[in-house]
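What follows is a set of notes on a single structure, which appears directly below.
Chains as they are written, first to last, in my numbering: chain U, 1 to 291; chain X, 1 to 85.
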């Protein structure tokens, strides 16, 4: 990993997690090219980053620049993938759907320099599979950033079947630059975090559906008994119930075991648009909230 | 004497406005020195920041962006007084 790779990094996909990764990099003096095909997503990302640089300061007095204007000035917001022609480290954050990611990797391979590394920020898609469609399987690695990235001290680093040591080292260097620890794990459905957490949340939702306990009581038990900052249902609302449903369905499809079958209540809530914080209501009501 | 009374009354108004925002969220039993994040998750601090800035027309600078300044009704009122004083 050389300095040029860390100085200028591309983040592709300006959704919920992509924008916090772009923010984190910019707060650590990296020039960032943030790409999204939807111009409105870029506008939203700029607004959210401006707000979140201040909000996250509330929770962390850690390193990183907290000057909103300087942070925004380090980010180029663009819809043009051609802007990645001189970028040697790309963090891909598009929708967690292999069919959506597939055409993107072909285009990235065509645009980016031959030695560029592609890091897939995914919580569930196989890195080996992404490597196979990238045109450069030894240069594809997984980096599962947690949300919101600026407040999280660790990242899952996933080695695909063909990922080279050099690529792993490049990804480790980027993570270290952000002051985080990369935990190296092997390529398996859901990796570590998503596999455990998704099942726990799905099971908590089943308990609500069966009337065993209320969402509030389940969350209270986990927070007070286990010291979790949020209970499983609050976590589900924070992540988004549609994302949880997608994750459990991917695990069910890839591993085929009954324990990964999605809760009927989860499916009903997603169908009804009760997605958690982002829709204003999930297991809790956020209608009055400004955030 | 008049000045002191006026200052006290401004403080009382701050407190009333802060309580009026917080009570519907955490319940009427909340005391002015209660830890708000023992009653609500810490994401509530972001709502409090937006409320304080928009209601009192002040800008909280990075050095004051600390969760301790939003930990209780007392802490929030002290912050507002510092910023408007």
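Ideal Cβ positions, reconstructed from N, Cα and C, are used throughout, including at glycine.
>> Taking the beta strand (DSSP E) that residue 277(U) belongs to, which residues open and close that run?
In response: For residue 277(U), there is no enclosing beta strand (DSSP E), as DSSP gives it neither H nor E.
> Of the residues 68(U), 73(U), 39(U) and 56(U), which one's Cα is nearest the Cα of residue 65(X)?
Replying inline: The shortest Cα separation from residue 65(X) among 68(U), 73(U), 39(U) and 56(U) belongs to 56(U).
> Is residue 121(U) near the ligand SAM, going by C-beta to nearest heavy atom under 7 Å?
Replying inline: Judged by which ligands are present, the structure shown has none, so any question about the ligand SAM falls away.
> First and last residue of the alpha helix (DSSP H) that includes residue 108(U)?
Replying inline: Note, residue 108(U): alpha helix (DSSP H), 98-111.
> Listing by chain order, which chain X residues have their CB less than 9 Å from the CB of residue 275(U)?
Replying inline: Ordered by position in chain X, no residue passes the 9 Å Cβ test against residue 275(U), which lies about 16 Å from the chain.
>> Give me the DSSP bridge partner(s) of residue 251(U).
In response: Its beta-bridge partners do not exist; DSSP assigns none.
>> Out of 112(U), 28(U) and 87(U), which one is the CA nearest neighbour of residue 73(U)?
In response: The candidate whose alpha carbon is nearest that of residue 73(U) is 28(U).
>> Checking 8 Å against the spacing of the C-beta atoms, do residue 160(U) and residue 137(U) come in under that value?
In response: Cβ distance < 8 Å, so residue 160(U) and residue 137(U) count as in contact.
> In whole angstroms, what is the alpha-carbon distance linking residue 103(U) and residue 253(U)?
Replying inline: Their Cα atoms are separated by approximately 22 Å.
>> Taking DSSP's pairing of strands, which residues face residue 28(U) in a bridge?
In response: Looking at the DSSP assignment, residue 28(U) forms no beta bridge with any residue, so it has no partner.
> residue 42(X) CB to nearest chain U CB: under 8 Å?
Replying inline: Yes, residue 42(X) lies at the interface with chain U (some Cβ there is under 8 Å from its Cβ).
> For residue 310(U) versus residue 112(U), is the C-beta spacing smaller than 8 Å?
Replying inline: No statement about residue 310(U) is possible, as the shown extent of chain U runs from 1 to 291 and does not include it.
>> To the nearest angstrom, how far is the alpha carbon of residue 212(U) from that of residue 262(U)?
In response: When the Cα atoms are used, residue 212(U) and residue 262(U) turn out to be separated by approximately 18 Å.
> According to the neighbour-count rule (16 or more other Cβ atoms, all chains shown, within 10 Å of its Cβ), is residue 153(U) buried or exposed?
Replying inline: By the Cβ neighbour-count rule, residue 153(U) is exposed, with fewer than 16 other Cβ atoms within 10 Å of its own.
> Would a check of beta-carbon distances place residue 291(U) closer than 8 Å to chain X?
Replying inline: Bear in mind that the predicted position of residue 291(U) carries a pLDDT of just 45, short of 50, making it unreliable; the figure below should be weighed with that in mind. Chain X contact via Cβ: present.
> Residue ranges of each beta strand (DSSP E) run of no fewer than 3 residues wholly in the region 177-208 of chain U, ordered along the chain?
Replying inline: Runs found: 181-186.
>> Going by beta-carbon coordinates alone, are residue 126(U) and residue 187(U) separated by less than 8 Å?
In response: Yes, Cβ-Cβ distance for residue 126(U) and residue 187(U) is below 8 Å.
>> Can you give me the C-alpha to C-alpha distance between residue 1(X) and residue 279(U), rounded to a whole angstrom?
In response: With a pLDDT of 45 at residue 1(X), under the threshold of 50, the modelled position of that residue is not reliable, and the figure given next carries that caveat. When rounded, the separation of the alpha-carbon atoms in residue 1(X) and residue 279(U) is 52 Å.
>> Let me make sure I understand the geometry here. Which of 167(U), 79(U), 260(U) and 226(U) has the alpha-carbon closest to that of residue 37(U)?
In response: Closest option to residue 37(U), Cα to Cα, is 79(U).
> Using the C-alpha atoms, what's the distance from residue 276(U) back to residue 239(U)?
Replying inline: Put simply, the backbone Cα of residue 239(U) is about 8 Å away from that of residue 276(U).
>> With distance defined between alpha-carbon atoms, name the residue in 286(U), 195(U), 218(U) and 155(U) nearest to residue 260(U).
In response: Answer by Cα proximity: 195(U).
> What residue from 36(X), 84(X), 81(X) and 57(X) has the CA that sits closest to residue 67(X)'s CA?
Replying inline: The candidate whose alpha carbon is nearest that of residue 67(X) is 36(X).
> When DSSP builds the beta bridges, which residues end up paired with residue 68(U)?
Replying inline: Paired residue(s): none; residue 68(U) is not in a bridge.
> Short check: CB of residue 73(X) to CB of residue 32(X), under 8 Å?
Replying inline: Between residue 73(X) and residue 32(X), the C-beta gap is smaller than 8 Å, which places the two residues in contact.
>> Residues of the region 70-84 of chain U in Cβ contact with chain X at a cutoff of 7 Å, in chain order, please.
In response: Of all residues in the region 70-84 of chain U, none places a beta-carbon less than 7 Å from a beta-carbon of chain X.
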